[in-house]
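**Q** Chains as they are written, first to last, in numbering that gives the first Met the number 0: chain A, 0 to 246; chain B, 0 to 285. Here a beta-carbon is modelled for each residue, glycine too, at the ideal position from N, C-alpha and C. Just so it is clear, the structure is predicted and the values come from calculations on it, not from any experiment.
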Amino acid sequence: MRDAFDIRRFLRLVRHDLQLLHPRYSTQGASMLSAVFFPVMMVIFMTLFGDDPELHSSPIYRLLLCLGFPLFHSVTIPYSTISLQQEKGKKNRGIYFALLPASKCEKYWSMFIVSLVVVPAVLVFGSLLLDTLLALFRIGPWQQFAWQVGPLIHPVPYWMPLLVLVLPLVAVAFAIWTATFRSKALAFFGWMMALLLWLGASVGTMFALWGRPAVPQWIPPAILALQLALFALVVFLGRRRLDRMTY
Amino acid sequence: MIEIKNLEFSYKKTPVFSDINLSFGDGVGSADNLAKNGGIYGLLGENGVGKTTLLKLICGLLRPVSGTCTLDGQTCHDRLPSMLQRIVFLPDEVALPEMSTPQRYVDELQPFYPAFSQSKFLHLMQELEVDPARRFREMSFGQQKKSIIAATLALGTDYILLDEPTNGLDIPSKAQFRSILSSAADEGKTVIISTHQVRDVENLIDPIVILSHSAVLLNAPVERITQKLLFEYGAEQRDDAFYSEMQPGGYLNVLPNTTGQESQLNIEALFNAVLRNKNTFKELFK
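1. Roughly how many angstroms separate the alpha carbons of CYS104(A) and PHE36(A), rounded to a whole number?
2. Residues of the region 157-173 of chain B with a CB closer than 7 Å to any CB of chain A: list them in chain order, please.
3. When you compare the CB of PHE8(B) with every CB in chain A, is at least one pair closer than 8 Å?
4. Would you list, in chain order, the members of the region 66-84 of chain B that have their beta-carbon closer than 7 Å to a beta-carbon of chain A?
5. Here's the rule: buried if 16 or more other CB atoms are within 10 angstroms of the residue's CB, otherwise exposed. What is TYR60(A)?
6. So what's GLY306(B) in DSSP terms, helix, strand or just coil?
7. Report buried or exposed for ASP205(B), applying the criterion of at least 16 other Cβ atoms within 10 angstroms of its Cβ.
8. Counting along the chain, where does the beta strand (DSSP E) carrying PRO14(B) start and finish?
9. Check whether the Cβ of ARG62(B) lies closer than 8 Å to any Cβ atom in chain A.
10. Just curious, the alpha helix (DSSP H) that PHE235(A) is in, first and last residue?
11. Would you report the Cα separation of SER82(A) and ASP185(B), rounded to the nearest angstrom?
12. Leaving out five residues before and five after PHE284(B) in sequence, what residues of the same chain have Cβ atoms less than 6 Å from its Cβ?
13. Tell me the residue span of the alpha helix (DSSP H) that contains GLN175(B).
14. Here's a check: name, in chain order, each residue in its chain whose Cβ is nearer than 7 Å to the Cβ of PHE16(B), leaving out the five neighbours to either side.
15. Just confirm the distance between the C-beta atoms of PHE71(A) and LEU168(A), as a whole number of angstroms; I'd bet it's less than 8 Å.
16. Given this structure, state the Cα-to-Cα distance separating VAL121(A) from LEU12(A), to the nearest angstrom.
17. Below 7 Å on C-beta distance, what does ALA94(B) contact in chain A?
18. Counting contacts by CB-CB distance shorter than 8 Å, is GLU137(B) in contact with chain A?
19. Please return the same chain residues whose Cβ sits closer than 7 Å to the Cβ of SER139(B), not counting the five positions on each side in sequence.
20. Pop quiz: SER182(B) and LEU203(B) are said to be a contact at Cβ under 8 Å. What is the actual Cβ separation, rounded to whole angstroms?
21. Counting only Cβ pairs nearer than 9 Å, list the residues of chain A close to LYS293(B).
22. Pull the bridge partners of LYS4(B) from the DSSP assignment, please.
23. By Cβ distance, which residues of its chain are closer than 6 Å to LYS35(B), with the 5 residues on each side in sequence left out?
24. Between the Cα of TYR232(B) and those of ARG223(B), TYR242(B), TYR250(B), spot the shortest distance and give me the residue it belongs to.
25. I need the straight-line Cα distance from ASP40(A) to LEU99(A), nearest angstrom please.
26. Within the continuous beta strand (DSSP E) that includes VAL258(B), where are the two ends?
27. Which residues does DSSP pair with MET98(B) in a beta bridge?
28. For the alpha helix (DSSP H) that contains ALA272(B), what are its first and last residues?
29. Is there a Cβ of chain B sitting closer than 8 Å to that of GLN84(A), yes or no?
30. Along the chain, which unbroken stretches of the alpha helix (DSSP H) at least 4 residues long are found entirely within the region 65-133 of chain A?
31. Can you tell which of LYS4(B), PHE115(B), THR13(B), GLU45(B) has its C-alpha closest to the C-alpha of VAL272(B)?
32. Would you mind giving the Cβ-Cβ distance between PHE88(B) and LEU54(B), rounded to the nearest angstrom? I have them listed as a contact below 8 Å.
33. Please report the distance separating the alpha-carbon of SER99(B) from that of ASP130(B).
34. Can you look up ALA219(B) in the DSSP assignment and give me helix, strand or coil?
35. Residues in its own chain within less than 6 Å of LEU21(B) by CB, not counting five upstream and five downstream?
36. Beta strand (DSSP E) containing LEU229(B): first to last residue?
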């Protein structure tokens with residue numbers, strides 16, 4: 000068995016990291032289920048009591064909820080995946096993680112995949128599946144599938160809500176995740192990335208509302224390039240920091 | 000074998016160790032231990048001398064400022080999987096997943112430890128009288144401690160580091176603990192116990208390592224200690240004693256053993272004698 004990276008050990012570790020969630024979520028399953036059910040509850044509430052039922056039952060609105068709320072849950076709920084991952088960086092609980100017989104590289108990527116990919120993806124999939132099931136039987140406001148975004152009711156590009164809400168949420172999740180490594184520099188770069196995504200979202204909004212002349216042409220690619228650079232930097236620094244972490 | 004060479008360590012500007020040399024699991028114990036290459040090392044020292052720090056350095060949780068700390072030739076702070084499979088560290092306070100159970104806890108760990116034994120775990124849990132299916136949050140501190148001790152020993156690692164393992168254990172559990180730890184040593188494991196509760200591990204630890212700030216004051220098997228020192232209970236305080244302690248009915252004197260007389264080691268008295276005569280003991284056990 001190789002010390003640097005062994006695929007079987009890595010898969011065991013991913014399974015182990017997912018199992019870590021189990022004791023929490025078995026009793027606090029409501030937390031996870033809320034992320035899946037909230038979009039449906041929200042649509043029901045807004046179509047009943049909102050001022051624009053047509054908008055609130057539209058596919059784009061539902062798609063936004065199905066993508067946004069599970070991610071929002073990952074960021075804010077105290078027992079979310081990210082907060083569990085952060086325990087690995089704590090001096091007390093972290094000892095267990097540090098001494099688990101797996102390489103530092105495996106531990107880093109397992110942590111990354113579980114907190115930022117697998118669990119948010121499962122939550123998003125759950126809420127989209129629920130929405131799709133309701134649309135399949137044409138129940139109440141669910142007359143179309145959420146992913147059938149066009150034609151749009153309002154003159155807003157369909158990618159706008161994704162850019163304005165979902166991507167910044169992903170960046171915030173990533174920034175919070177960096178706290179695992181107990182590094183101020185890393186946290187700073189993580190939050191810079193989140194900030195830049197909000198900036199990108201604002202530029203995108205300006206572009207959508209007022210058209211190209213409102214935004215200097217070099218700004219969007221510059222923001223995008225900076226975001227990519229920061230992402231790479233944070234991933235690299237996180238990996239290096241984990242190598243040097245002491246408990 | 001765990002080898003510490005010229006080790007220097009400090010927490011930011013607070014120095015803890017400077018130029019420490021020490022080895023564990025090299026057969027310096029009693030005749031039995033020599034054969035099995037294991038042993039139960041007692042790591043003793045005053046508060047703040049760095050006992051826990053030393054254990055953390057050995058299992059790679061801390062990185063030395065200079066010098067080396069290796070386990071069978073592998074640098075400890077690299078924390079390579081092949082090394083981590085062979086060593087386990089039980090800290091004084093363990094942050095357990097409250098909603099989990101001891102059985103689930105070991106289920107999560109066992110894929111990473113090839114020598115893990117489920118039957119041994121269940122046997123130890125039974126011996127320590129703890130239900131493996133009960134949640135940690137429903138257990139007292141002592142029961143949690145017993146569960147985690149059973150899990151630690153069942154992992155089957157060659158090196159077992161225990162920091163204040165008897166804290167929180169009741170009197171019968173301490174006896175059970177001594178019994179199961181003796182079995183571990185019989186299997187050739189190297190156990191290092193850092194403790195203040197020397198009476199809990201009396202007659203168990205051998206060899207004894209006494210640390211002071213920046214130095215190893217004593218690292219010797221019990222047999223050698225009792226060859227060099229005489230623990231004498233008498234009516235009077237002796238002037239030539241390294242250390243004397245008033246006890247009911249007289250005095251306990253720690254004397255140089257010039258006649259080769261056999262005596263029963265008293266760890267507390269030994270510890271105090273070493274602290275009061277640091278240089279003399281260094282020379283005596285060179």
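**A** Looking at the coordinates:
1. Locating residue 104(A) in the first sequence gives position 105, counting from the first residue. Locating residue 36(A) in the first sequence gives position 37, counting from the first residue. Note on geometry: alpha-carbon atoms of CYS104(A) and PHE36(A) lie some 36 Å from one another.
2. none
3. By one-based count along the second sequence, residue 8(B) stands at place 9. So, not an interface residue.
4. Across the region 66-84 of chain B, CB contacts with chain A closer than 7 Å involve ARG78, LEU79, PRO80, SER81, LEU83, GLN84, in sequence order along the chain.
5. Numbered from 1 along the first sequence, position 61 holds the residue referred to as residue 60(A). Classification for TYR60(A): buried.
6. Coverage of chain B is limited to positions 0 through 285, which leaves residue 306(B) absent and any answer about it impossible.
7. As a working note, residue 205(B) is residue 206 in the second sequence. So ASP205(B) counts as buried.
8. Counting from one through the second sequence, the residue named residue 14(B) turns up at place 15. PRO14(B) -> beta strand (DSSP E) spans 13-23.
9. Counted from its first residue, the second sequence places residue 62(B) at position 63. With 8 Å as the cut-off, ARG62(B) counts as an interface residue toward chain A.
10. Numbered from 1 along the first sequence, position 236 holds the residue referred to as residue 235(A). Taken as a continuous stretch (DSSP letters only), the alpha helix (DSSP H) holding PHE235(A) covers 218-243.
11. For the purposes of this step, residue 82(A) is taken as the residue at position 83 of the first sequence. For the purposes of this step, residue 185(B) is taken as the residue at position 186 of the second sequence. Approximately 42 Å, taken between the alpha carbons.
12. In the second sequence, residue 284(B) corresponds to position 285, counting from 1. Closer than 6 Å at Cβ, skipping near neighbours: LEU217, ALA219.
13. To locate residue 175(B), count along the second sequence from 1; it is residue 176. Here the alpha helix (DSSP H) through GLN175(B) covers 170-185.
14. Looking up residue 16(B) in the second sequence gives position 17. Closer than 7 Å at the Cβ level, and outside the excluded window around PHE16(B), lie LEU6, GLU7, PHE8, GLY49, SER213.
15. Looking up residue 71(A) in the first sequence gives position 72. Looking up residue 168(A) in the first sequence gives position 169. Correct: roughly 6 Å between the Cβ atoms.
16. For the purposes of this step, residue 121(A) is identified with residue 122 of the first sequence, where counting begins at 1. For the purposes of this step, residue 12(A) is identified with residue 13 of the first sequence, where counting begins at 1. Cα-Cα distance, rounded: 18 Å.
17. Here the question's residue 94(B) lines up with position 95 in the second sequence. Neighbours of ALA94(B) on chain A, chain order: ASN91, ARG92.
18. Mapped onto the second sequence, residue 137(B) falls at position 138. No - not a single Cβ of chain A is within 8 Å of the one on GLU137(B).
19. The residue labelled residue 139(B) in the question sits at position 140 within the second sequence. No residues qualify anywhere along the chain.
20. By 1-based counting over the second sequence, the position of residue 182(B) is 183. By 1-based counting over the second sequence, the position of residue 203(B) is 204. So it is not a contact: roughly 11 Å between Cβ atoms.
21. Since the first and last residues shown for chain B are 0 and 285, residue 293(B) lies out of range.
22. As a working note, residue 4(B) is residue 5 in the second sequence. DSSP lists THR67(B) as partners of LYS4(B).
23. In the second sequence, the residue the question calls residue 35(B) occupies position 36. Reliability fails at LYS35(B), whose pLDDT of 44 lies under 50, so the model's placement of it is uncertain and no value is given.
24. Counted from its first residue, the second sequence places residue 232(B) at position 233. Cα-wise, what sits closest to TYR232(B) is TYR250(B).
25. Against the first sequence, residue 40(A) aligns to sequence position 41. Against the first sequence, residue 99(A) aligns to sequence position 100. Note on identity: in this sequence residue 40(A) is Met, with Asp being the wrong assignment. Their backbone Cα atoms lie some 41 Å apart in a straight line.
26. What you label residue 258(B) is simply residue 259 of the second sequence in a count that begins at 1. Strictly speaking, residue 258(B) in this sequence is Thr, with Val absent from that position. Careful: THR258(B) lies outside any beta strand (DSSP E) and carries neither H nor E.
27. Position 99 of the second sequence, counted from the start, is the residue given in the question as residue 98(B). MET98(B) is not bridged to any residue.
28. Sequence index remark: in the second sequence, residue 272(B) carries index 273 (1-based). If you look at ALA272(B), you'll find it in the alpha helix (DSSP H) that goes 266-275.
29. Reading the first sequence from its first residue, position 85 is the one you call residue 84(A). Not an interface residue.
30. 80-85, 93-97, 103-112
31. For the purposes of this step, residue 272(B) is taken as the residue at position 273 of the second sequence. Note that residue 272(B) corresponds to Ala in the displayed sequence, not to Val. Closest by alpha carbon: GLU45(B).
32. Within the second sequence, residue 88(B) is the residue found at index 89, counting from 1. Within the second sequence, residue 54(B) is the residue found at index 55, counting from 1. Contact holds; Cβ gap of about 6 Å.
33. One-based indexing of the second sequence puts residue 99(B) at position 100. One-based indexing of the second sequence puts residue 130(B) at position 131. SER99(B) and ASP130(B): Cα-Cα distance of roughly 13 Å.
34. For the purposes of this step, residue 219(B) is taken as the residue at position 220 of the second sequence. It is a strand residue.
35. Position 22 of the second sequence holds residue 21(B). These residues qualify, in order along the chain: ILE3, VAL215.
36. Start at 1 with the first residue of the second sequence, and residue 229(B) comes out as number 230. It spans 228-233 - the beta strand (DSSP E) in which LEU229(B) sits, taken as one unbroken run.
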